[in-house]
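Trainee:
Protein chains: 2
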Amino acid sequence: MPSLPVTVDRADPRPLGIQLADQVRRLVLAGTLVTGDRLPSTRRLATELGVARSVTEQAWDQLRAEGWIEGRQGAGTFVTGGHTDVPIAPRRRRTPAPERALVRLDAGTPWLDARHAAGWRRAWREVSAATPPRGYDDPRGLPALRMQLAERLGRTRGLIVDPDDVRLTAGTTAGLRHLLAVLPHGPVAMEDPGYRAAVLTVRATGRAVVDLPAEAAITDLAGCCAAYVTPAHQHPLGRVMPAEDRLTLLTTARRDGALVIEDDYDSEFRYDVAPVPALASLGQDTVAYLGTASKSVAPSLRLGWMVLPSSLRASLDRHREVTHDAPAWPVQRAYWALLRDGYVDAVVRSARRIYAERAPRVVAALSPYAELAGPVAGMYSTWLLPQDRAVRARAAVRAAGFDLNLLDTYCRSARLTGLVVGFGGASDAQLDEALAVLVASLSS
Amino acid sequence: MPSLPVTVDRADPRPLGIQLADQVRRLVLAGTLVTGDRLPSTRRLATELGVARSVTEQAWDQLRAEGWIEGRQGAGTFVTGGHTDVPIAPRRRRTPAPERALVRLDAGTPWLDARHAAGWRRAWREVSAATPPRGYDDPRGLPALRMQLAERLGRTRGLIVDPDDVRLTAGTTAGLRHLLAVLPHGPVAMEDPGYRAAVLTVRATGRAVVDLPAEAAITDLAGCCAAYVTPAHQHPLGRVMPAEDRLTLLTTARRDGALVIEDDYDSEFRYDVAPVPALASLGQDTVAYLGTASKSVAPSLRLGWMVLPSSLRASLDRHREVTHDAPAWPVQRAYWALLRDGYVDAVVRSARRIYAERAPRVVAALSPYAELAGPVAGMYSTWLLPQDRAVRARAAVRAAGFDLNLLDTYCRSARLTGLVVGFGGASDAQLDEALAVLVASLSS
Numbered sequence: 113m114p115s116l117p118v119t120v121d122r123a124d125p126r127p128l129g130i131q132l133a134d135q136v137r138r139l140v141l142a143g144t145l146v147t148g149d150r151l152p153s154t155r156r157l158a159t160e161l162g163v164a165r166s167v168t169e170q171a172w173d174q175l176r177a178e179g180w181i182e183g184r185q186g187a188g189t190f191v192t193g194g195h196t197d198v199p200i201a202p203r204r205r206r207t208p209a210p211e212r213a214l215v216r217l218d219a220g221t222p223w224l225d226a227r228h229a230a231g232w233r234r235a236w237r238e239v240s241a242a243t244p245p246r247g248y249d250d251p252r253g254l255p256a257l258r259m260q261l262a263e264r265l266g267r268t269r270g271l272i273v274d275p276d277d278v279r280l281t282a283g284t285t286a287g288l289r290h291l292l293a294v295l296p297h298g299p300v301a302m303e304d305p306g307y308r309a310a311v312l313t314v315r316a317t318g319r320a321v322v323d324l325p326a327e328a329a330i331t332d333l334a335g336c337c338a339a340y341v342t343p344a345h346q347h348p349l350g351r352v353m354p355a356e357d358r359l360t361l362l363t364t365a366r367r368d369g370a371l372v373i374e375d376d377y378d379s380e381f382r383y384d385v386a387p388v389p390a391l392a393s394l395g396q397d398t399v400a401y402l403g404t405a406s407k408s409v410a411p412s413l414r415l416g417w418m419v420l421p422s423s424l425r426a427s428l429d430r431h432r433e434v435t436h437d438a439p440a441w442p443v444q445r446a447y448w449a450l451l452r453d454g455y456v457d458a459v460v461r462s463a464r465r466i467y468a469e470r471a472p473r474v475v476a477a478l479s480p481y482a483e484l485a486g487p488v489a490g491m492y493s494t495w496l497l498p499q500d501r502a503v504r505a506r507a508a509v510r511a512a513g514f515d516l517n518l519l520d521t522y523c524r525s526a527r528l529t530g531l532v533v534g535f536g537g538a539s540d541a542q543l544d545e546a547l548a549v550l551v552a553s554l555s556s
Numbered sequence: 113m114p115s116l117p118v119t120v121d122r123a124d125p126r127p128l129g130i131q132l133a134d135q136v137r138r139l140v141l142a143g144t145l146v147t148g149d150r151l152p153s154t155r156r157l158a159t160e161l162g163v164a165r166s167v168t169e170q171a172w173d174q175l176r177a178e179g180w181i182e183g184r185q186g187a188g189t190f191v192t193g194g195h196t197d198v199p200i201a202p203r204r205r206r207t208p209a210p211e212r213a214l215v216r217l218d219a220g221t222p223w224l225d226a227r228h229a230a231g232w233r234r235a236w237r238e239v240s241a242a243t244p245p246r247g248y249d250d251p252r253g254l255p256a257l258r259m260q261l262a263e264r265l266g267r268t269r270g271l272i273v274d275p276d277d278v279r280l281t282a283g284t285t286a287g288l289r290h291l292l293a294v295l296p297h298g299p300v301a302m303e304d305p306g307y308r309a310a311v312l313t314v315r316a317t318g319r320a321v322v323d324l325p326a327e328a329a330i331t332d333l334a335g336c337c338a339a340y341v342t343p344a345h346q347h348p349l350g351r352v353m354p355a356e357d358r359l360t361l362l363t364t365a366r367r368d369g370a371l372v373i374e375d376d377y378d379s380e381f382r383y384d385v386a387p388v389p390a391l392a393s394l395g396q397d398t399v400a401y402l403g404t405a406s407k408s409v410a411p412s413l414r415l416g417w418m419v420l421p422s423s424l425r426a427s428l429d430r431h432r433e434v435t436h437d438a439p440a441w442p443v444q445r446a447y448w449a450l451l452r453d454g455y456v457d458a459v460v461r462s463a464r465r466i467y468a469e470r471a472p473r474v475v476a477a478l479s480p481y482a483e484l485a486g487p488v489a490g491m492y493s494t495w496l497l498p499q500d501r502a503v504r505a506r507a508a509v510r511a512a513g514f515d516l517n518l519l520d521t522y523c524r525s526a527r528l529t530g531l532v533v534g535f536g537g538a539s540d541a542q543l544d545e546a547l548a549v550l551v552a553s554l555s556s
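Protein chains in written order, with this note's numbering: chain Z, 113 to 556; chain F, 113 to 556.
This is the structure in structure tokens:
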């Protein structure tokens, strides 16, 4: 019998010393060994176990490094890290729960045409062959990608920017978070109803949110450090902010010392007219512009960009340099290839054609039963309905395997009820099925 | 002469109607057209310009959608969005400034062995062939990747976890941010000196930071919602938290109702003994565990994971489901392949051998001139020096093309000065050169 209740198992792939250390650690945690207990010498234990002395020395070295035991000059080795009031967490292992299988008819799931798969594959094959940067890369984002984005913002959004003003982000809320990190502490004015992820992001900074009625001119930002708006396509009511309101907003923001944060999430998808130029094109000194690849290419890329007023550039770069809060390099590299090869333009054109065909289909199906909240653009429509009918309709589509959001979940002070019906993330057949279920519920 | 100073240019690839709309918008912004000005009819302008009426109608539709003009029943079309006090931002475009070229000898830039490039390429080629998810994917992270991580955490960190307790993050600070989003508001206790990105992340939530002397037992967390610690390798002083201090921390956290947040950033790199098991293995109910791919594979992956106390799971998942704050799907898919193929184990083994050889080289070179702050592990060593000598040495290595950090930048109340000397992100020749420059400065 060894002087400690431990054994070695030569069939176990772990080194014998590690096996021993592990067993002694458990004895201490279980309270079998307590602080002050004297341990056998490495020589004696090695003899008892029939192992080389280097094995027991390795175990004692490990336990000493972890602080479980200590040697006292001339006296031997003693347990030192022994409390007995810490229960060991129960050990269990289950397989993960299955992913939710509902087809999401939400405001942000875009349609992807299988025809473009070759371009996607090519971009990622390039990533596979490229050499990743050593360490953290340029915290502003890949210079070549910032060049491409600056070119495209000018061409598609009327936003003439210097690539040095462009920063890559891990999406819209990441850009908002970086801006908040360098703005003075103070409330943020936000559209109501509005984008819930942005509201959570602001609240996570400990800031209050001031409700801006989503369809009114913004004439007062006193005390606010910023105003967060979706001028190209109010989320989720759909309105385009009129030119006069845009100019009023810029005048108000300048007067009250607030930054305007423009979330330009899906502005490339309009079916009546060409995309409305970005608000930031009217005043880059006052407006921080946030764009995203989520609606044009794929939300799961977690890629976005921002165009900064030059006054914020230095402090924001310092913040990002310390936090390393930038999008993954492989994603930036792939998106650069996708832009360069015309993939992004091609998928936007295809999706715009699909949405332009689906939008009137959704409107025709639902307008006999609900009131459209605003013009339909992007990949969703918003419908006003009494809450009980909206809740019932949502339950019906969920039972049929689809998911969509209630309008009231976007509201804070606003008292609007209804449904947000996305039409990007489903096949044509799925969309028809979901619309039929909605119509059946709403007409009953 | 047309009745408006506009023209069409058939050599311009943009549609003629968009060209017209653009020119009218500029006239309004420049103040040439002001609110109330009557515009010519689409028929008249079409005749004057020699274009189809559909062209002028497209332009007017666009401007009406943007709110620059409005039609008044029976009276014609008028400018409505005209302020003149908003200067148009100056248009300029430069090429981006070049990337910084300094070789970073920091605490977090790992070494990458070219021998492993084939495994990296294979993983990304798989991404190129895989079908990305439609819309946002599972907000907890890829189930298959969570399975792999749970297995590896048990094997390498002594952390027996259920895959359902694992969440993928965009890195350590992202995990910290998610935890803070669901913890009660209140100060966070953090090691001093400590990880600066974590401090900025806590402060960005509007919380105060309570300084914990980095090498003392933690016996008081009253009023704190959490304690952020690096028990496997105190960042940047190097100490392994002794077993007794670990148990004391857990007891204190349970008594004071604080969550322990364990940042386990580089624990796989120890050269004397086997890696010390994770603190979370002693109490998964009290400890949230944060791991990262930055130190083992590449920081530019922006990938990390956390193991949650089950009490936080539901609220954290709700938060992540709304914010979509998860790592990019292609990165998760690639990391799953890298784990499955043994790539991660292989690069960790290679790097451990390299670091085990470099660590004593750095110690031998610098110990005649500075005092080592603690045991060397991971990919850096920390040296105590008077501030003036540290500043001078840093200036010397920067002039030679390297960058490293001053110890005082990690301090808040602590009054420690010196240098943090990383040895992961350089070639052997570069490391020799940097050490020679440091020695020359420190010995002068």
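Backbone N, C-alpha and C fix where the C-beta goes; we use that ideal spot for every residue, glycine too.
#1: Could you name the residues of the segment 169-194 of chain Z whose beta carbon sits closer than 7 Å to any beta carbon of chain F, in the order they occur along the chain?
#2: Quick one: residues in its chain with C-beta nearer than 7 Å to the C-beta of Gln-135(Z), no 5 flanking neighbours on either side, listed in chain order?
#3: How many whole angstroms separate the CB atoms of Leu-362(F) and Ala-326(F), which I take to be in contact at a CB cut-off of 8 Å?
#4: Could you tell me the distance, in whole angstroms, from the CA atom of Arg-351(Z) to the CA atom of Trp-448(F)?
#5: What are the partner residues of Thr-531(F), as DSSP defines its beta bridges?
#6: Can you find a C-beta in chain Z that's less than 8 Å from the C-beta of Leu-224(F)?
#7: Pick from Leu-292(F), Asp-520(F), Gly-534(F): whose alpha carbon is nearest that of Leu-528(F)?
#8: Please specify which runs of the beta strand (DSSP E), each continuous and at least 3 residues long, are wholly inside the segment 282-336 of chain F, giving them in chain order.
#9: So for Thr-398(Z), helix, strand or coil by DSSP?
#10: Taking the alpha-carbon positions, what's the Val-146(F) to Thr-192(F) distance?
#11: Below 7 Å CB to CB, which residues in the same chain sit around Ala-262(F) once its five sequence neighbours on both sides are set aside?
#12: Between Glu-374(F) and chain Z, is there a C-beta pair that is closer than 8 Å?
#13: Can you tell me whether DSSP reads Met-353(F) as helix, strand or coil?
#14: Would you report the Cα separation of Ala-133(F) and Glu-160(F), rounded to the nearest angstrom?
#15: What residues in the segment 427-438 of chain Z bring their beta carbon closer than 9 Å to a beta carbon of chain F?
#16: Just list the residues that DSSP pairs Phe-190(Z) with in beta bridges.
#17: Considering just the uninterrupted stretch of the beta strand (DSSP E) at Trp-417(F), what are its terminal residues?
#18: With a threshold of 8 Å on Cβ separation, who are the neighbours of Val-215(Z) within its own chain once the five nearest residues in sequence on each side are excluded?
#19: Beta carbon of Pro-411(Z), beta carbon of Thr-221(Z): below 8 Å?
#20: Using a cut-off of 8 Å between C-beta atoms, extract the partners of Ser-240(Z) located in chain F.
#21: Mark Ile-181(F) as exposed unless 16 or more other C-beta atoms lie within 10 angstroms of its C-beta, in which case mark it buried.
#22: What does the alpha-carbon distance come out to for the pair Gln-170(F) and Leu-265(Z)?
#23: Between the alpha carbons of Asp-540(Z) and Val-314(F), how many angstroms are there, rounded?
#24: For Ser-408(Z) and Thr-144(F), I'd like the C-alpha separation in whole angstroms.
#25: Pick from Thr-435(Z), Leu-518(Z), Asp-357(Z), Gly-403(Z): whose alpha carbon is nearest that of Ala-414(F)?
#26: Interface residues of chain F around Ile-130(Z) at Cβ under 7 Å?
#27: How close, in whole Å, do the beta carbons of Thr-404(Z) and Gly-416(Z) come, if the pair is a contact with beta carbons under 8 Å?
#28: Which of the residues in the segment 319-352 of chain F, read from start to end, lie with their CB under 9 Å from any CB of chain Z?
#29: Are the beta-carbon atoms of Arg-582(Z) and Pro-296(Z) separated by less than 8 Å?
#30: With DSSP collapsed to three states, give me the class of Thr-435(Z).
#31: CA-CA distance, Val-509(Z) and Gly-534(Z)?
#32: So if DSSP puts Val-341(Z) in a beta bridge, which residue, or which two residues, is it bridged to?
#33: Round the Cβ separation of Ala-526(F) and Asp-304(F) to the nearest angstrom and send it over; I've been treating them as touching at under 8 Å.
#34: Sorted by chain position, which residues of the same chain lie with C-beta nearer than 7 Å to His-431(Z)'s C-beta, five sequence neighbours on each side aside?
#35: Would Tyr-455(F) pass as a contact of Gly-231(F) if the rule is Cβ separation under 8 Å?
#36: So, using beta-carbon positions, are Met-353(Z) and Leu-324(Z) closer together than 8 Å?
Mentor: Result, derived from the coordinates:
#1: Result list: Asp-173, Gln-174, Ala-177, Glu-178, Gly-179, Trp-180, Thr-192, Gly-193.
#2: When the five nearest sequence neighbours on each side are left out, the beta carbons in the same chain lying within less than 7 Å of the beta carbon of Gln-135(Z) are those of Val-118, in order along the chain.
#3: Between Ala-326(F) and Leu-362(F) the Cβ distance is about 18 Å, and since that is not below 8 Å, they are no contact.
#4: About 42 Å.
#5: One point to set straight first is that residue 531(F) is Leu, not Thr, in the sequence displayed. Paired residue(s): Trp-495(F), Leu-518(F).
#6: Taking 8 Å as the threshold, the shortest C-beta distance from Leu-224(F) to chain Z falls below it.
#7: For the set Leu-292(F), Asp-520(F), Gly-534(F), the Cα lying nearest the Cα of Leu-528(F) is the one of Asp-520(F).
#8: The segment 282-336 of chain F contains these whole beta strand (DSSP E) runs: 300-304, 321-325.
#9: It is coil, neither helix nor strand.
#10: Taking the straight line from one Cα to the other gives about 8 Å.
#11: Around Ala-262(F): Val-273, Asp-274, Pro-275, Val-278.
#12: Answer no: the Cβ-Cβ gap between Glu-374(F) and chain Z never drops below 8 Å.
#13: Under the three-state reduction of DSSP output, Met-353(F) falls in the coil class, being neither helix nor strand.
#14: Using only the alpha carbons, I get a separation of about 16 Å.
#15: Identification of residues in the segment 427-438 of chain Z having a C-beta nearer than 9 Å to some C-beta of chain F yields His-431, Val-434, Thr-435, His-436, Asp-437, Ala-438, given in sequence order.
#16: Answer is Arg-150(Z), Glu-182(Z).
#17: Where Trp-417(F) is concerned, the enclosing beta strand (DSSP E) stretches over 416-419.
#18: Spatial neighbours of Val-215(Z) in its own chain (CB-CB distance under 8 Å, excluding positions within 5 residues in sequence) are listed in chain order as Gly-513, Phe-514, Asp-515, Gly-537, Ala-538, Gln-542, Ala-546.
#19: Contact flag set, yes.
#20: Close partners of Ser-240(Z) in chain F (Cβ separation under 8 Å): Trp-232, Arg-233, Arg-234, Ala-235, Trp-236, Arg-237, Val-239, Ser-240.
#21: Buried is the call here.
#22: Going from the Cα of Gln-170(F) to the Cα of Leu-265(Z) covers about 22 Å.
#23: For Asp-540(Z) and Val-314(F), the distance between alpha carbons rounds to 46 Å.
#24: As the crow flies, the alpha-carbon of Ser-408(Z) is around 36 Å from that of Thr-144(F).
#25: The question names Ala, yet the displayed sequence has Arg at residue 414(F). Of the candidates Thr-435(Z), Leu-518(Z), Asp-357(Z), Gly-403(Z), the one whose C-alpha sits nearest the C-alpha of Arg-414(F) is Thr-435(Z).
#26: Going along chain F in sequence order, the residues near Ile-130(Z) (Cβ under 7 Å) are Ala-386.
#27: Confirmed, Cβ separation roughly 4 Å.
#28: If the cut-off is 9 Å between Cβ atoms, the segment 319-352 of chain F has Arg-319, Val-352 near chain Z.
#29: As displayed, chain Z neither begins before 113 nor continues past 556, which places residue 582(Z) out of reach and without an answer.
#30: Under the three-state reduction of DSSP, Thr-435(Z) is assigned to helix.
#31: Near 13 Å, if we compare the C-alpha coordinates of Gly-534(Z) and Val-509(Z).
#32: Under DSSP, Val-341(Z) forms a beta bridge with Glu-374(Z).
#33: Contact holds; Cβ gap of about 5 Å.
#34: Listed in chain order, the non-local C-beta contacts of His-431(Z) below 7 Å within the same chain comprise His-290, Ala-293, Val-294, local neighbours out to five positions each way being set aside.
#35: Taking C-beta atoms as the reference points, Tyr-455(F) and Gly-231(F) count as a pair closer than 8 Å.
#36: At least 8 Å separates the beta-carbon of Met-353(Z) from that of Leu-324(Z).
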